[in-house]
Each structure stands twice: as C-alpha cells, then as structure tokens.
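Residue numbers (our numbering), protein chains in the order written: chain A, 1 to 311; chain B, 1001 to 1356. Glycine included, every Cβ here is placed at the ideal spot set by N, Cα and C.
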Ligand SMILES: Cc1ncc(C[n+]2csc(CCOP(=O)(O)OP(=O)(O)O)c2C)c(N)n1
C-alpha cells in the first residue's frame, strides 16, 4: 500500500511539474489549476475506493484524475487540445473525463458538480451494486447554496456519496477568515445527519483511514458521509508559478507544509533503490505522454459541431 | 381544440401529459419524476395525478425546495443512465436552475466529446390569469432557445402534449418542456396508444393565403381565434404551430411566407431578442431579395406583468388585437378594423376560474 501511495503521489507531482514546465512554451493553452502540494488528499481518499466507484472533481482536478487511474497519455493530449485527448480537445485541463476509469469529470463553475455527483450516486444506488461516488470540491464551494441543498437531499434519500472538501484555506486569493462566519464546517454538515470527519494533520494515511471508515459506512447503506481535509496550495491559483510576492500570503506557511510534504514522507519509507526504480518508471510514463500529446493530430474542423446534441 | 386528428377520445392537456408520463414509466424503468408538489393532492394541475400511487415514491420523488440542486441531481442521474423528468409548477422557478441547465446539462455531451449524455425533461408551466403578477407569469423559452445543447418544445394542445412528452422522455438531450396554464383548460382528440410528435417539425394548423401567422404556445390558440374572426371578413390566415422551438422548423415557416408574402409571429413572451425575433430574422435571411415581405410580431408588452386586471389586459395579445394587426397588414389602406365586440368576447378563453 505504501508503495502504491508513493507511486500515485509521485506521478501526480511530476506530471504537474511537467505541465508547469511546458506551460510557458504555449503548447498548453488551457487554464491550469495545479494541485501541487495537495495531491495527498486525492491519493488518500481514492485509495479507499475501488475501480468501479466514481470520482468527480473540480477544475483543480488533475490529481483526482490521475489518482483514479485516468489515462495519462490522453490527459496530456487533452492539455494540448489534441484529438487524442480524453475529450478530443474539447475539455482541456478543467474538464477532464475518463469514463472507462470512472472519472466523472469536472466543472469550471464552482460547486456545480456537487449535485451532479449526488444524482449520479442516486442512479448507482438504484443499480444496487454497492458503487459509490466520491465528490471532491474546495472550501469555497461549500459556500454555494447548492452545497447545502445537496447535503440535505443526499442525507434525506441516503445517497451513496462521499463528499470531500479540500480545504486549502483560499478561494482564489480570499482567505477563509474573510469568507466563513464560523470555521466549524464539519459540525455544520453534521446537522444534516451526515457523519463528518475533519482531517487536519495533512497526513495521507490519516486521510486514507478516515476515508476507509466512511466508505464502509456508505457501503453499508447508511447514506452519505463527509470529510474535510486540510491542505495547502503551493502554486498560484491559476497558472504554473508561485505567487508569494503578491502579498496575500506568506512563504512561511508554504515552508511549514513543505516540511511535511507527503511525497517525501512516504518516499522515505521505501527502500531507496526501489524508489529510484519507481521514479524512473514515472519519468518514462510522463515523457511518453508528452510525446503522445505532441504527436497527436488536431481535431478536424467539423468537430466544432460534433456532440452539440446526442443522437 | 386544435388537435390534428378529428375524432376519437377527448382528453385535457394535463391528462394527456399525465398519460404520456405514465406510459413511458411503464415502458422504461429508468424514467422517473421529481419536483416540488408532484406527489400532493393537486398533482401539478393534475398532470402527475396517480403517478406516485402507481410507481411509488422512489420513482415519483417529492423534492425539497432546492431547484438548483435538484436540476444538478437530475443531470447527474441522467449522466448515469436514468431519465429524469423535473417538474416546475411555474416557469419562473427555472431561474434557480439556470446555472445547472446552461452550464452543466446543456454542455455535458459536448464537453466530454460524446462520452456522456444528459437525457432529461424539464417541465415548466407558464402562468396567466387571476392576477398571476410579475413573478408567476413569465415565459422564458427564448432564454433556453439561445443555448446550444438544449431542446425547447411548447406544445399548444393535448395531442401534441402527449406526443411531445413521449418524444422528450426518449430524447437523449435535456428538453425544456414549456406548458401554459391556460392550455390546461383545453381538450383535444388524443389517441389512446403511444406515439411521438417529432421535434423540429412545425404544423400548418389552418391553411390560408393572405398571411402566415406563427403562434407560440398559448398564442397559437389565440391566433386561431383571431383567424376565425378574420374569416368572417374574408381574410384568410395560414396559422402555423411551430410546436418545437429548438430545433425550429424554419423551412415550413419560410415556405408559407414565400406563398403569402406576410408574416406575423405571435409569441407568448416578450418580443425583444426572443423567439419572434429569431423567426423573423430567419425568414428574412432565407427570403431576402427573393420577394418583398411584410413582417410583424406581437408578444407581451415590454414591461413587467402587473397583477391588476385593469392593466393586465394590456399586457397580452388577444384575439382582438391579433385580428386587428392582421387586418392592418393585409389591408393596409383600409380603415382600422376591430372584430365585433360580441364575437370577440366569444373568442376568449372562458373556462378558467381562480383562485390559483
Ligand atoms: C460559481 C463560481 N463563482 C466564482 C468562480 C470564480 N472562481 C474560480 S475558482 C474560485 C475559488 C474556489 O475556491 P475553492 O472552492 O476553495 O477551490 P480551490 O481553488 O481552492 O481549489 C472562484 C471563486 C467560479 N468559477 N464559479
């Protein structure tokens, strides 16, 4: 398990670093919202569910896509806008999808995927095979009215969905203290009759453990569960860079999080020879994905009109 | 009554809708109904009557007051293979659903390059009469027509209501199903069996030579009454029901205008940037230069709908104002004409009484 977690953390980190490296060259013309530094939330939670379970994420969704096993080549090609991308180039970074791996996609409009996940999970409940939906969103999304509406509905109808709030303390540049009247999000959620965990230690194993417990609770037919995971966004809100000179946050906070970087912490638990082999394999995968994207064709012009309506 | 068939069983608009939904729920397990008041004793003007008793609360789901979330939930369920019908007793409440409908449902299929579909029906009833006022009378189909990925239909009679509903449920796209409260008080011949009314096909309801009149939703009914009044003075109007607004059958409308040379669109909505503007522009583009045409449109007065009947009268086109406008277009040199008051009175929709 430790090795799997490390591989996933490393793959996400390195893929995003590669995206950030390529970005200034303009081969990627899609707004990117990097998860660098907070990948451990996706990795911890998704490790607790199966291949058949479904994951939805936000525009900051690279980590969830990759952690769920989404195709890396088609990921990179989608960044490039190529026809061999996971959505033929129509989606870009903010709307990755891979239905073969049950990645249900993402949305650029904050919180919109929350009810959609509930609806999808309602259908899974009816299907009766015990599958669940994991719905990732940010702290900002919890402020939208549809969040409360969805919690109420999901609890009322015992819908099998795990809500996961990645609390990185900022919505774009607005601090949580400027936005929340009260920080007790988990307690707010509990008033809907939904069990809620707050994992504040930034530890991937704590997240995995909490997620496993809550997934068990959901699979037993009890309805939805909720977790809030503290995290930190290392880079700027949108784009490849750091933004500690912009004055809205301190580098000291970053350094505190870097000191407990889960990729390094978990990596240190491995045999170092083994770790080097994994790392080398990941570099190959990424190079291969970039090559796949580079070589991919552009969509044909008539694709502009393809799929406006379903047949 | 404007059913395209001329005999058989008579059904009300609401009963026709209810029958269509029940037949489809029977046929296809994935169809379900969700919405505020769909299970109560009034049953959305009767249009969901008996469904919960027959199909149970898992398939006829009473919704919390959460239009935004429920639209998203319907979208998610549709993406997962179910076929939701989300019902709103007033179209005005669709404003709370706009985010999901425009940003999620309409785009699901496109954004994901065909990997997902969102087959869902959103039923919305336009209010009118008994002082429905500013927020219970709006017709917002034009807003939805604007967005690629959404289909919009507005059947004007019980026959089309049933056929369009069955087609909408089977359609693999989000369909905004526009109903009008006054249509609930009309009956038509409706076949007992299942059938679909194809989207994107207008119907010539009354053939005529002097002018083409396109009536949308309830305004089709009002236009037909105007046409009857005009027939008495020898003006022959070809009345067309577009039935489906997106897709819109511009070919049929254009063909008619090519014949008559005159076009009046009567919308049950505001005219600016709306369905009537779209239809006039479409005809002008197609016939430009080919022959001179005279065009005009009518709709809600460009103001907020007042509650008091003293002012509300001036808000809506009526058979009298429609007939008068047509007369002016067909006989521009004649004196202004209005139908005889007694006859005009007969032409109003009289069946409705309050309180709600
Ligand atoms: C409905 C909506 N309002 C505003 C925005 C602009 N916006 C984009 S990202 C963002 C911040 C959201 O913060 P959070 O949910 O905490 O996610 P994070 O970016 O921190 O991952 C905002 C306000 C949006 N995309 N959608």
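Review point. Residue 1 of chain A: buried (16+ other C-beta within 10 angstroms of its C-beta) or exposed?
Key: exposed
Practice item. Identify each residue in the region 113 to 144 of chain A for which the Cβ-Cβ distance to at least one residue of chain B is less than 9 Å, and report them in chain order. Key: 113, 114, 115, 116, 117, 118, 119, 120, 121, 122, 123, 124, 126, 127, 133 and 144
Review point. What's the C-alpha gap between residue 1150 of chain B and residue 1121 of chain B?
Key: 10 Å
Review point. Shorter than 8 Å from the beta carbon of residue 1073 of chain B to some beta carbon of chain A?
Key: yes
Point to revise | residue 168 of chain A beta carbon near ligand 1 (any heavy atom closer than 7 Å) | key: yes
Exercise for review: Would you kindly work out how many angstroms separate the C-alpha atoms of residue 1157 of chain B and residue 1048 of chain B, rounded to a whole number?
Suggested key: 17 Å
Review point. For residue 1262 of chain B, which residues from the same chain have a beta carbon less than 6 Å from its beta carbon, with the 5 sequence-adjacent residues on both sides left out?
Key: 1211, 1294 and 1329
Review point. Per DSSP, what kind of secondary structure is residue 1065 of chain B in: helix, strand or coil?
Key: coil
Check your understanding: With DSSP run on the structure shown, which of helix, strand or coil describes residue 248 of chain A?
Key -> coil
Practice item. Flag this pair as touching only if the region 119 to 129 of chain A and the region 1080 to 1087 of chain B have three or more C-beta atom pairs under 8 Å; answer yes or no. Key: yes
Check your understanding: For residue 308 of chain A, which residues in chain B fall below 7 Å Cβ to Cβ?
Key -> 1110, 1148 and 1149
**Study point:** residue 1155 of chain B: contacting residues in chain A (beta-carbon distance under 8 Å)
**Key:** Near residue 1155 of chain B there are no residues of chain A at all, since even the closest Cβ is about 20 Å away, more than 8 Å.
Check your understanding: At least one CB of chain B closer than 8 Å to the CB of residue 90 of chain A: is that the case?
Key -> yes
Exercise for review: Identify every residue that forms a DSSP beta bridge with residue 163 of chain A.
Suggested key: A:135 and A:226
Review point. Counting along the chain, where does the beta strand (DSSP E) carrying residue 1264 of chain B start and finish?
Key: 1262 to 1270
Review point. Taking the Cβ atom as the reference point for each residue, do residue 321 of chain A and residue 194 of chain A lie within a distance shorter than 8 Å?
Key: The structure shown has nothing for residue 321 of chain A, since chain A only spans 1 to 311.
Check your understanding: What residues are listed by DSSP as bridge partners for residue 217 of chain A?
Key -> In the DSSP output, where bridge partners are listed per residue, residue 217 of chain A has none listed.
Check your understanding: Are residue 258 of chain A and residue 40 of chain A touching if we call contact CB-CB under 8 Å?
Key -> no
Exercise for review: Residues of the region 22 to 51 of chain A with a CB closer than 9 Å to any CB of chain B: list them in chain order, please.
Suggested key: none
Review point. Between residue 1302 of chain B and the rest of its own chain, which residues show a CB-CB distance below 7 Å, the 5 nearest in sequence each way excluded?
Key: 1270 and 1272
Practice item. Say whether chain B places a C-beta atom closer than 8 Å to the C-beta of residue 99 of chain A. Key: yes
**Study point:** Residue from A:48, A:124, A:166 and A:212 whose Cα sits closest to the Cα of residue 36 of chain A
**Key:** A:166
**Study point:** Delimiting residues of the alpha helix (DSSP H) encompassing residue 281 of chain A
**Key:** 272 to 295
Check your understanding: Listed in chain order, which residues are found with a beta carbon closer than 5 Å to a heavy atom of ligand 1?
Key -> A:60, A:109, A:110, A:138, A:139, A:140, A:141, A:168, A:171 and A:172
Exercise for review: Provide the residue(s) that pair with residue 196 of chain A in DSSP beta bridges, ordered along the chain.
Suggested key: A:226
Check your understanding: Under 8 Å between the Cβ atoms of residue 59 of chain A and residue 106 of chain A?
Key -> yes
Practice item. Pull out every residue of the region 1052 to 1081 of chain B whose Cβ sits closer than 9 Å to any Cβ of chain A, in chain order. Key: 1058, 1061, 1063, 1064, 1065, 1066, 1067, 1068, 1069, 1070, 1071, 1072, 1073, 1074, 1075, 1076, 1077, 1078, 1079, 1080 and 1081
Review point. Is there at least one Cβ from chain E nearer than 8 Å to residue 1115 of chain B's Cβ?
Key: No chain E appears in the structure shown, which is made up of the protein chains A and B.
Check your understanding: Which chain A residues sit within Cβ distance under 8 Å of residue 1173 of chain B?
Key -> 309 and 310
Exercise for review: Using a Cβ-Cβ cut-off of 8 Å, state whether residue 93 of chain A counts as contacting chain B.
Suggested key: no
Practice item. Please state if the CB of residue 1205 of chain B and the CB of residue 1178 of chain B are separated by a distance shorter than 8 Å. Key: no
Check your understanding: Taking Cβ to Cβ, would you say residue 1181 of chain B is nearer than 8 Å to residue 1125 of chain B?
Key -> yes
Check your understanding: How should residue 172 of chain A be labelled, buried or exposed, when 16 other C-beta atoms within 10 angstroms of its C-beta is the threshold for buried?
Key -> exposed
Review point. Between which two residues does the alpha helix (DSSP H) containing residue 125 of chain A stretch?
Key: 113 to 127
**Study point:** Contact set for residue 210 of chain A: own chain, Cβ-Cβ below 7 Å, skip 5 residues either direction
**Key:** 197, 199 and 227
Point to revise | N-terminal and C-terminal residue of the alpha helix (DSSP H) that residue 952 of chain B is part of | key: Only positions 1001 to 1356 of chain B appear in this structure, which leaves residue 952 of chain B out of reach.
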